[in-house]
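Working notes, beginning with the structure itself.
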Ligand SMILES: NC(=O)c1ccc[n+]([C@@H]2O[C@H](COP(=O)([O-])OP(=O)(O)OC[C@H]3O[C@@H](n4cnc5c(N)ncnc54)[C@H](OP(=O)(O)O)[C@@H]3O)[C@@H](O)[C@H]2O)c1
C-alpha cells in the first residue's frame, strides 16, 4: 500500500526557519498537516516563512541563549499542548583554514551547531517521550567527508552525526527516534553568511555544481521532503540513521 507522509495534528519545532532548508521544512511540514513553530533570530525572515502557510507560527530567539530551550519548547507546549517533532536545523558554515582558525571561531561554531541543538533536544525530550516523537538533526555531507578549508565546520557536523547515533540508543527505550539528514551543497543563505565575498560565493557555487555527479546544487525543498519522511510517525522502526542527500557528492 502506498504511504504519503502525514503529520496531521502533530506539532513540530523547526529551528532556522527564516530561510533555506528550514523555511522549506516548515512549509513541507505544515503542508503535511503539522502545526509548526519556526524559530530564528530575524523576525522579518520568520514572518516571510509564516506567510507561506497558516499552519506556521514563529518565535524570534537566538537558539544559543541559555534560556532559549525553555522559551522555545514552552511556546510550542503553551500553544498546542504537545510536541511530536524537533528539527535541529539552525546552523552555520565557517570557511576558515587550519592556519587561520581562532579559538573564538571554533567555540562560536560549536555553540550553534552542537551545543544549542543538544540543549534543545534535552528540553524537548519529556514531551517527545509522551508522544513517542522524534528528533531530526541536520548534518552535512561534510559531516562524513573531509572539507579542506572548513575543517571545524566538518567536525561540528561529524559531532552532530555521532550525537544522532548515540541519542538514538539513549532514547530508544523511551520510544523517541533520532535521525539525521546530511545535505550536500544546497541553495540557501549559508554561503553568503559564511564570510565570503559575492564573487567568492559565485565561484564556490560553480565549483560545487561541477563536482556533484547530478550536475547541480540542491534545492531546499529536495532536502525538506526527506526531513518530513524521517519525522513521519509511520517511520516507526527507523532510528540512528544518517541519510545523505547530495546529488551523489558523497560517492566521488
Ligand atoms: N545549504 C547547504 O549547502 C547546506 C549543506 C549541508 C548542511 N547544511 C545545514 O543545513 C542547515 C540549514 O542551513 P541553510 O543552508 O538552510 O542555511 P541558511 O539559509 O543560512 O539557514 C540557517 C538558518 O538558521 C538561522 N540561525 C542561524 N543562527 C541562529 C541562531 N543563533 N539562533 C536561531 N536561528 C539561527 C538563520 O536565521 P537568523 O539569521 O535569522 O537567525 C537561518 O534562517 C544548517 O545546519 C546547515 O549547516 C546546509
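In the working numbering, the protein residues as written are 560 to 811.
We put the CB at the ideal spot given by N, CA and C, even for glycine.
Predicted model only: the values in this text are computed from it and were never measured.
Whole angstroms are fine: how far does the CA of residue j sit from the CA of residue i?
i	j	result
residue 797	residue 735	10 Å
residue 613	residue 641	19 Å
residue 707	residue 727	30 Å
residue 577	residue 779	12 Å
residue 668	residue 624	14 Å
residue 593	residue 611	14 Å
residue 738	residue 663	29 Å
residue 795	residue 757	44 Å
residue 676	residue 602	20 Å
residue 580	residue 732	30 Å
residue 671	residue 563	33 Å
residue 730	residue 724	10 Å
residue 627	residue 636	14 Å
residue 767	residue 674	29 Å
residue 690	residue 647	18 Å
residue 630	residue 694	18 Å
residue 587	residue 722	25 Å
residue 654	residue 763	11 Å
residue 658	residue 617	40 Å
residue 583	residue 649	13 Å
residue 696	residue 760	26 Å
residue 632	residue 644	11 Å
residue 719	residue 568	28 Å
residue 705	residue 620	32 Å
residue 805	residue 639	34 Å
residue 660	residue 651	15 Å
residue 565	residue 572	16 Å
residue 589	residue 665	35 Å
residue 799	residue 754	33 Å
residue 746	residue 688	34 Å
residue 785	residue 769	24 Å
residue 781	residue 680	25 Å
residue 702	residue 740	10 Å
residue 605	residue 656	32 Å
residue 599	residue 810	33 Å
residue 678	residue 597	17 Å
residue 692	residue 783	18 Å
residue 807	residue 698	16 Å
residue 777	residue 595	24 Å
May I ask you to list the residues that DSSP assigns as paired with residue i?
i	result
residue 697	740
residue 647	696
residue 619	599
residue 802	740
residue 572	596, 645
Under 7 Å: does the beta carbon of residue i sit that close to some heavy atom of ligand 2?
i	result
residue 671	Within the structure as shown, ligand 2 is missing, the only ligands being ligand 1.
Q. Curious, which full-length alpha helix (DSSP H) runs of at least 4 residues does the stretch 726-790 contain?
A. 757-770, 779-790
Q: Count the C-beta pairs between the stretch 705-720 and the stretch 758-778 that are closer than 8 Å, then say yes if the count reaches three, no if not.
A: no
(Q) With a threshold of 8 Å, are at least 3 pairs of Cβ atoms found where one atom belongs to the stretch 783-794 and the other to the stretch 677-687? (A) no
Q. Can you list the alpha helix (DSSP H) stretches of 4 or more residues lying completely in the stretch 664-698, in chain order?
A. 675-690
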